[in-house]
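Worksheet: one structure, shown below.
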Amino acid sequence: MPPKLLTYLILALLAASAAAARRHPSPASSAAAGEPVYLWPLPRNFTSGSRTLLVDPDLALDGQGPGGAAAAVAEAFERYRSLVFSPWAHAARNASGGYDVGKLTVVVASADEKLELGVDESYTIYVAAAGGVNSIVGGATIEANTIYGAIRGLETFSQLCVFNYDTKNVEVRHAPWYIEDEPRFAFRGLLLDTSRHFLPVDVIKQVIDSMSFSKLNVLHWHIIDEQSFPLEVPSYPKLWKGSYSKLERYTVEDARDIVRGKGYPKLWPSPKCREPLDVTSNFTFEVISGILSDMRKIFPFGLFHLGGDEVYTGCWNATPHVKQWLHERNMTTKDAYKYFVLKAQEIAINLNWIPVNWEETFNSFKENLNPLTVVHNWLGPGVCPKVVEKGFRCIMSNQGVWYLDHLDVPWQDFYTSEPLTGINNTAQQKLVLGGEVCMWGETADTSDVQQTIWPRAAAAAERMWSQLEAISAQDLETTVLARLHYFRCLLNHRGIAAAPVTNSYARRPPIGPGSCFIQ
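Under UniProt numbering, the first residue of the sequence shown is numbered 1, with each subsequent residue one higher.
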């Protein structure tokens, strides 16, 4: 049966069986009377019923459509199956059967695996018992236009699957389910800073895995900064001598696997002035070009963050040859800052990168920025409205509400912060790509990075994925809090060290004995 026809039939069936299944356009409704919907982030639209279905521990994948047989789909299915079922589940399987869901059909309309900003992440899910009154097709079906939508659907399906400790079966409760879902924003990011404290590759991979559980889709890897340069750059092999130690480095192979430096003193204006880099030297821009060229071979994605924040230009005036250079060109240090940023943008654009710059560049010389520039807000509220009014795209990371290293910012602030505040024009709203929570690493390393990120990052993740009307309809301190407690416990079950939700100070351990669901 063609995928679209299947969807139409399911919709028709749901309309005809309203007595058995209830429509939930907003999270204020629940899968059972008075019970929150324990899916995170909340899907765009869904219906549910009152049945409980048993899921076969030997659940099989049936990939259909041009992209259904993709290796990425099969690998994701196996990954989620291992999260849903215990290692002993097969041995405890009921030999006589009796399972309602024995097969997961994944229909993917396109075989194109290109990953880029704005890729289609939409999906639909239908789960019902074989041969039941409310069933056309037994088992579970995920339909998506791309493999990435299918993977998002697999995450949601895995959250529908709940282990029953009395019967030792995995169940889907409140079936039949029909879920129709897509993200509200294309860019839903997490900045991970490995320049202030080195994070091993396996830790970075674990962070990426944990991001997928809340449907965050962009890792902004802040690899280098003033404190260390731990990344191998083949064109300039001395750069990574700026790492903290030889054991705290990332090879090109590491970077591929994860998909100003001490080595070149000529980049500095002087030994006492190590930042910003020497704006007068052609060598500075040769190195920038070399770094961006090498990074282009490793990272196939469109955006490259060029920074531009907190630039202290007084060091230039204190360096004689830089001061002379400025004088000869009748330039101020502010002019030199603009010159540096625009030259770096030109290099990036020539290498087919889309430049991203912190908001100071927009605040200082918006009229000179390349039209392709994506402006990254961080200093405070009210920036994105000004950015999109000038026709630029914007990413929100207001430090007062979305900086994870600010340990006194509660989950409620992460959840209620709205990227479109102050933007009423529909065309301008589309210029807001989304947002990014930032895990700056001055006070976080392998010992505490995950519990600093989670669960507060999940609060922002639902804000960026779910529809505004749906999340606004929830009661923050009852419905949302109960759901976030549940999701935090799910993260813990999956091996992610998410801290208690209602900590007065983030990442602190529990203050005493108690259930995961109320800490």
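We treat Cβ as the ideally placed atom computed from N, Cα and C, and that holds for glycine.
On a predicted model such as this, the values are computed, not experimentally measured, just so you know.
From the options, residue whose alpha carbon lies closest to that of residue i
| i | options | result |
| --- | --- | --- |
| V356 | W411, G314, G435 and H406 | G435 |
| G441 | A186, Y403, L104 and V311 | Y403 |
| G380 | D448, E367, K366 and W358 | W358 |
| D278 | D445, W316 and G149 | W316 |
| E367 | K338, E418, P419 and A129 | K338 |
| L468 | D225, K430 and T416 | T416 |
| L115 | A128, Q429, N217 and D62 | N217 |
| L372 | V383, P385, G382 and W353 | W353 |
| I142 | D120, T167, E180 and A129 | E180 |
| K323 | S281, V201 and F299 | S281 |
| M295 | I224, I151 and A89 | I224 |
| D62 | R51, A74 and D56 | A74 |
| E389 | Q428, L407 and F365 | Q428 |
| S397 | F414, Q412, W378 and D408 | W378 |
| R44 | Y505, I471, R488 and A506 | I471 |
| G153 | S212, T502 and E113 | S212 |
| Q519 | H220, P410, G400 and P500 | P500 |
| V106 | V127, A91 and W88 | V127 |
Three-way DSSP call (helix, strand, coil) for residue i in this model
| i | result |
| --- | --- |
| F517 | helix |
| I496 | coil |
| A89 | coil |
| R22 | Note on R22: pLDDT 37, under 50, position unreliable in the model; the coordinate value appears next. DSSP places R22 in strand when its eight states are reduced to three. |
| G263 | The predicted position of G263 is uncertain, since its pLDDT is 42 and thus under 50; a value taken from the coordinates is nonetheless stated next. If DSSP states are grouped into helix, strand and coil, G263 belongs with coil. |
| Q64 | strand |
| T52 | strand |
| P57 | strand |
| V501 | coil |
| L407 | coil |
| R81 | helix |
| W177 | strand |
| R507 | coil |
| E418 | coil |
| V401 | helix |
| N469 | Looking at the sequence itself, residue 469 is Glu, so the reference to Asn does not match. If DSSP states are grouped into helix, strand and coil, E469 belongs with the helices. |
| E367 | helix |
| E35 | strand |
| A95 | coil |
| A16 | Confidence at A16 is low in this model, with a pLDDT of 30, below 50, so its placement is unreliable and the value that follows should be read with caution. Helix at A16. |
| L199 | coil |
| Q474 | coil |
| T446 | coil |
| K114 | coil |
| D225 | coil |
| T426 | helix |
| M211 | helix |
| T280 | coil |
| W268 | In this prediction, W268 scores a pLDDT of 49, lower than 50, which makes its location untrustworthy; no coordinate-derived value is stated. |
| N352 | coil |
| M295 | helix |
| Q412 | helix |
| E389 | helix |
| T452 | helix |
| S245 | coil |
Residues sharing a beta bridge with residue i, DSSP
| i | result |
| --- | --- |
| N345 | In the sequence on display, residue 345 carries Gln and not Asn. The partner list for Q345 (beta bridge, DSSP) is empty, contrary to what the question assumes. |
| V375 | N357 and C394 |
| R188 | G435 |
| A219 | Per the sequence shown, the amino acid found at residue 219 is Leu instead of Ala. In DSSP, L219 forms a bridge with L190. |
| L231 | Y250 |
| L104 | L61 and A140 |
| N45 | E180 |
| V172 | L53 and C161 |
Cβ distance (whole Å) where residue i is taken to contact residue j below 8 Å
| i | j | result |
| --- | --- | --- |
| V84 | V207 | Not quite, the Cβ-Cβ distance comes to about 22 Å (not below 8 Å), so this is no contact. |
| L484 | P510 | At roughly 16 Å, the Cβ-Cβ gap does not stay under 8 Å, so L484 and P510 are not in contact. |
| T361 | G314 | Their Cβ separation, rounded to whole angstroms, is 18 Å, which puts T361 and G314 out of contact at 8 Å. |
| L54 | G118 | Actually they are not in contact, since the Cβ atoms of L54 and G118 sit about 39 Å apart, beyond 8 Å. |
| T146 | S110 | 5 Å |
| P36 | T479 | 5 Å |
| L199 | T446 | 6 Å |
| I258 | K205 | 7 Å |
| K215 | E155 | 7 Å |
| A175 | T52 | 7 Å |
| M464 | R188 | 4 Å |
| F392 | L420 | In fact, because the Cβ distance is near 15 Å, the residues do not count as touching under 8 Å. |
Short CB-CB distance (under 8 Å) between residue i and chain C
| i | result |
| --- | --- |
| E328 | The structure shown contains no chain C, having only a single protein chain. |
### Query
Of all the beta strand (DSSP E) runs that stay within the bounds of the region 301 to 325, which reach a length of 3 or more residues?
Whole beta strand (DSSP E) segments, 3+ residues: 303 to 307.
### Task
Tell me the start and end of each unbroken beta strand (DSSP E) in the region 123 to 168 that is at least 3 residues and wholly inside, in chain order.
DSSP runs (the beta strand (DSSP E)) wholly in the region 123 to 168: 123 to 128, 139 to 144 and 161 to 164.
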